[in-house]
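In the working numbering, the protein residues as written are 15 to 517.
Even for Gly, the Cβ is constructed at its ideal location relative to N, Cα and C.
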Amino acid sequence: MASDPNFRPTLRLHSLSWLFGVTGAIKQMVIPLIALFFFNVRDDTPGPFGPWIVPMVVAALLVRAVWTQLTYRYGYSPTGLVIREGMIFRNVRHVEYARIENIDTERGSLHRLLGVAEVRVQTSTGGKPEASISVLDLAAVQEMRSRVFSENQPTEQAATAAPEEEELLQLSVGELIRYGLIDNRGMILVAAGFGVLHEAGLFNLNREVFDRVLESSPAAGLAALGLMMQIALGAFTILAALIAVRILSVILAIVTFYDFKLTRVAGDLRARYGLFTRIALTLRTRRIQAVHQTESLLHRWLNRASLNVDLAGDSGGGEGNRDDARMKTRWLAPVCPIDAAPELIAIALPMLDWRNEPSWQPLASGARGRIFRKSAIWSVLILTGPAIWYLREGAIFVALSCIPLAWMHAHLYVKHTRWALARDAVLFRSGWLTRHLTIVPRDRVQTLSVEASPFDRRSSMASVYVDTAGASSMTAGIKIRYLATDVAEKLATALYRTAGAQS
Numbered sequence: 015m016a017s018d019p020n021f022r023p024t025l026r027l028h029s030l031s032w033l034f035g036v037t038g039a040i041k042q043m044v045i046p047l048i049a050l051f052f053f054n055v056r057d058d059t060p061g062p063f064g065p066w067i068v069p070m071v072v073a074a075l076l077v078r079a080v081w082t083q084l085t086y087r088y089g090y091s092p093t094g095l096v097i098r099e100g101m102i103f104r105n106v107r108h109v110e111y112a113r114i115e116n117i118d119t120e121r122g123s124l125h126r127l128l129g130v131a132e133v134r135v136q137t138s139t140g141g142k143p144e145a146s147i148s149v150l151d152l153a154a155v156q157e158m159r160s161r162v163f164s165e166n167q168p169t170e171q172a173a174t175a176a177p178e179e180e181e182l183l184q185l186s187v188g189e190l191i192r193y194g195l196i197d198n199r200g201m202i203l204v205a206a207g208f209g210v211l212h213e214a215g216l217f218n219l220n221r222e223v224f225d226r227v228l229e230s231s232p233a234a235g236l237a238a239l240g241l242m243m244q245i246a247l248g249a250f251t252i253l254a255a256l257i258a259v260r261i262l263s264v265i266l267a268i269v270t271f272y273d274f275k276l277t278r279v280a281g282d283l284r285a286r287y288g289l290f291t292r293i294a295l296t297l298r299t300r301r302i303q304a305v306h307q308t309e310s311l312l313h314r315w316l317n318r319a320s321l322n323v324d325l326a327g328d329s330g331g332g333e334g335n336r337d338d339a340r341m342k343t344r345w346l347a348p349v350c351p352i353d354a355a356p357e358l359i360a361i362a363l364p365m366l367d368w369r370n371e372p373s374w375q376p377l378a379s380g381a382r383g384r385i386f387r388k389s390a391i392w393s394v395l396i397l398t399g400p401a402i403w404y405l406r407e408g409a410i411f412v413a414l415s416c417i418p419l420a421w422m423h424a425h426l427y428v429k430h431t432r433w434a435l436a437r438d439a440v441l442f443r444s445g446w447l448t449r450h451l452t453i454v455p456r457d458r459v460q461t462l463s464v465e466a467s468p469f470d471r472r473s474s475m476a477s478v479y480v481d482t483a484g485a486s487s488m489t490a491g492i493k494i495r496y497l498a499t500d501v502a503e504k505l506a507t508a509l510y511r512t513a514g515a516q517s
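So, in structure tokens, the structure goes:
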């Protein structure tokens, strides 16, 4: 639909929009500003403007923010959202209503204090937002949503009854504590601390200590005592770090997902969460490409699961995409009771028929042996070097222990990995320590490939890759490895027929 060339947007940003423009620019430049200040106040090498350089930069940012607010206009034409920026170099964008998929908001503490929000207009093309509007008051945000998503013409001013909002899930603080205990984001800090302590020599169990312990001499008892104290101190340090990380993880979970609420409005889903920064996301069901369910070992101990979705266009981000990572993870439920997961998945994918249990199919008969050989070889190659360095002759025990562990991994992985092709969806369950379930509607399949490496061909196997419009390099739709060649070809043929029927 062509845009109206005579339409002129007249709506303005909030009167305090300049304030958020300045604070946002300062946040991005805080480190250079600090460096400029210290480099220009030194007596030996004063800068050309001395200590005034930082106020001058801040003043320039203020002028730029005020200029942006004065020249920014937006409006609702009969065909789409029109945004005009700049006065000398003018940029006019027309975003058709049919292309707008989401209108998401983000509200920090200052936003909520002043009753405003940052708005991100997402389209089906994906990548970075089509428009980032900073800032609008809440009434203007609601008007934008109602005009864009209304079936009536945007120029009509007649008030329509707001659709009812049905609450599907609300997470209490107790649930967020469970999620914090489950989440492993802080474990990288434990690894870093372990490395620092190792470099400090706390875990340095050298050859001389072992030799003195094994000798039959009066000094052997003292050496053994020192070794035990060293091990105890290391174990206590690791335990304290684990506890500290879990506490930090709980705090982060509460801050990030405080008052998480999932609701349904006119068939679409809305998620709101955040303590200091309040996030509001719209998950339009027609854009949902896949649903992912995750159950780690801690999830299963607490009888919980995590659910997130892929939306069409979310894979389109590039290097220039500055969309906040918190808004790229489309949570259906960061954590929920395992019994509630099927109902939430059915709501997210209403086009699927859930009355019949899927017919789960195993991997190829030789998958267990291939996974065992691969795991054993890689674990021996990785662990043998460090084991020889620290344990000398004891490295043989490390190498031998890799064999039963690799067999256990192969057996459990094959046991818990299944796939199913239903009438309207393809499903894939994988993993045994951390279990994943991915559901992709067949009419959402965008690309499909069957690949076979030299090792696959030697074993008469192949892999099937199913991608959607919301898949990316980090969150691909489905990757089913270790299928028999004929099974992979039949699966691909069935999905190709689905794609042909939908085109």
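Buried versus exposed, by CB contacts within 10 Å (16 or more), Q171: Translated into the one-based positions of the sequence shown, residue 171 becomes position 157. Any reading at Q171 needs caution, since the residue's pLDDT is 42, under 50, leaving its predicted position unreliable; the model's value is listed next. Exposed.
Assigned exposure category for S444 - 16 Cβ within 10 Å defines buried: Against the sequence shown, residue 444 aligns to sequence position 430. Classification of S444: buried, given that the 10 Å Cβ count is 16 or more.
I97, buried or exposed, once every other Cβ within 10 Å from all chains shown has been counted against 16: The residue labelled residue 97 in the question sits at position 83 within the sequence shown. When all chains shown are included, I97 counts as buried.
Own chain partners of P23 with C-beta closer than 6 Å, once the 5 adjacent residues on each side are dropped: On the sequence shown, residue 23 is found 9 positions in, with the first residue counted as 1. Excluding the 5 residues flanking it on each side, P23 has same chain C-beta neighbours closer than 6 Å at R87, Y88, G89, V96 and R98, in chain order.
Simplified DSSP assignment, three categories, for P143: On the sequence shown, position 129 is the one that residue 143 refers to. If DSSP states are grouped into helix, strand and coil, P143 belongs with coil.
Inter-stretch contact at 8 Å, needing at least 3 Cβ pairs: the segment 404-414 / the segment 467-477: No, the segment 404-414 does not touch the segment 467-477.
S444 - DSSP class collapsed to helix/strand/coil: By one-based count along the sequence shown, residue 444 stands at place 430. In this structure, S444 counts as strand in the three-state DSSP scheme.
Cα-Cα separation, S415 to L312: For the purposes of this step, residue 415 is taken as residue 401 along the sequence shown, with counting starting at 1. For the purposes of this step, residue 312 is taken as residue 298 along the sequence shown, with counting starting at 1. Going from the Cα of S415 to the Cα of L312 covers about 25 Å.
Cβ contact (3+ pairs, closer than 8 Å) linking the segment 99-106 and the segment 32-39: Judged by Cβ distances under 8 Å, the segment 99-106 makes no contact with the segment 32-39, as fewer than three pairs qualify.
Through-space distance from L451 to R472, alpha-carbon basis: Numbered from its first residue, the sequence shown carries residue 472 at position 458. Numbered from its first residue, the sequence shown carries residue 451 at position 437. R472 and L451: Cα-Cα distance of roughly 29 Å.
Residue environment, L219, which counts as buried when at least 16 other CB atoms sit within 10 Å: The residue given as residue 219 occupies position 205 in the sequence shown. Only weak support exists for where L219 lies, its pLDDT of 48 falling under 50; the value from the coordinates is given anyway. By the 16-neighbour rule on beta-carbons within 10 angstroms, L219 is exposed.
Buried or exposed (CB count within 10 angstroms, at least 16 for buried), A401: For the purposes of this step, residue 401 is identified with residue 387 of the sequence shown, where counting begins at 1. With 16 or more other CB atoms across the displayed protein chains lying within 10 angstroms of its CB, A401 is buried.
Helix, strand or coil at P69 according to DSSP, with G and I counted as helix: Here residue 69 corresponds to residue number 55 of the sequence shown, with the count starting at 1. P69 falls in the helix class under three-state DSSP.
A498 versus A153 - alpha carbon distance: What you label residue 498 is simply residue 484 of the sequence shown in a count that begins at 1. What you label residue 153 is simply residue 139 of the sequence shown in a count that begins at 1. Each residue's Cα considered, the two are about 58 Å apart.
R511, buried or exposed, once every other Cβ within 10 Å from all chains shown has been counted against 16: In the sequence shown, the residue the question calls residue 511 occupies position 497. Around the beta carbon of R511, a 10 Å sphere encloses fewer than 16 other beta carbons of the protein chains shown; the residue is thus reported as exposed.
The segment 379-395 / the segment 412-431 touching (three or more Cβ pairs under 8 Å): The segment 379-395 vs the segment 412-431: in contact.
With 16 other Cβ atoms within 10 Å as the buried cut-off, status of N317: Locating residue 317 in the sequence shown gives position 303, counting from the first residue. N317 should be labelled exposed.
Under the three-state DSSP convention, the category E99 falls into: In the sequence shown, residue 99 corresponds to position 85, counting from 1. Reduced to three states, the DSSP call for E99 is strand.
Endpoints, beta strand (DSSP E) assigned at D282: Taking the sequence shown and counting its residues from 1, one reaches residue 282 at position 268. D282 -> beta strand (DSSP E) spans D282 to Y287.
N- and C-terminal bounds of the alpha helix (DSSP H) containing M158: Walking along the sequence shown from the start, residue 158 turns up at place 144. From DSSP, the alpha helix (DSSP H) with M158 extends over L152 to F163.
Given L195 as reference, the closest of A249, I268 and M243 once Cα atoms are compared: As a position in the sequence shown, residue 195 is number 181, starting the count at 1. Minimum Cα distance to L195 is reached at I268.
Local Cβ density within 10 Å of G491, reported as buried at 16 or more and exposed below that: If you number the sequence shown from 1, residue 491 lands on position 477. Counting Cβ neighbours within 10 Å, G491 comes out buried, since at least 16 surround it.
C-alpha distance - G122 paired with R292, whole-angstrom precision: Taking the first residue of the sequence shown as 1, we reach residue 122 at position 108. Taking the first residue of the sequence shown as 1, we reach residue 292 at position 278. Taking the straight line joining both Cα atoms gives about 6 Å.
Simplified DSSP assignment, three categories, for D338: Residue 338 sits at position 324 when you count from the first residue of the sequence shown. Caution applies to D338, whose pLDDT of 45 falls short of 50 and renders its modelled position unreliable; the value that the coordinates give is listed next. The three-state reading of DSSP puts D338 in coil, since its state is none of H, G, I, E or B.
Residue range of the unbroken alpha helix (DSSP H) whose run includes L426: As a first step, residue 426 is located in the sequence shown; it is residue number 412 there, counting from the start. Here the alpha helix (DSSP H) through L426 covers A409 to H430.
Cβ-Cβ separation, P364 to T431 (assumed contact under 8 Å), whole Å: As a position in the sequence shown, residue 431 is number 417, starting the count at 1. As a position in the sequence shown, residue 364 is number 350, starting the count at 1. T431 to P364, Cβ: 28 Å. No contact.
Where the beta strand (DSSP E) containing I308 begins and where it ends: What you label residue 308 is simply residue 294 of the sequence shown in a count that begins at 1. Checking the sequence shown, residue 308 turns out to be Thr, not Ile. Unbroken beta strand (DSSP E) run through T308: I302 to E309.
Reduced DSSP category for L30 - H, G, I as helix; E, B as strand; rest coil: For the purposes of this step, residue 30 is taken as the residue at position 16 of the sequence shown. In the structure shown, L30 adopts coil according to DSSP, grouped into three states.
Inter-residue Cα distance where the pair is V279 and T296: Sequence index remark: in the sequence shown, residue 279 carries index 265 (1-based). Sequence index remark: in the sequence shown, residue 296 carries index 282 (1-based). Looking at the backbone, the Cα of V279 and that of T296 are separated by about 10 Å.
Residues that DSSP places opposite N116 in a beta bridge: Within the sequence shown, the letter at position 102 stands for residue 116. N116 pairs with Q136.
C-beta atoms of V187 and Y111 nearer than 7 Å: By one-based count along the sequence shown, residue 187 stands at place 173. By one-based count along the sequence shown, residue 111 stands at place 97. No; because the gap between Cβ atoms is not below 7 Å, this pair is not in contact.
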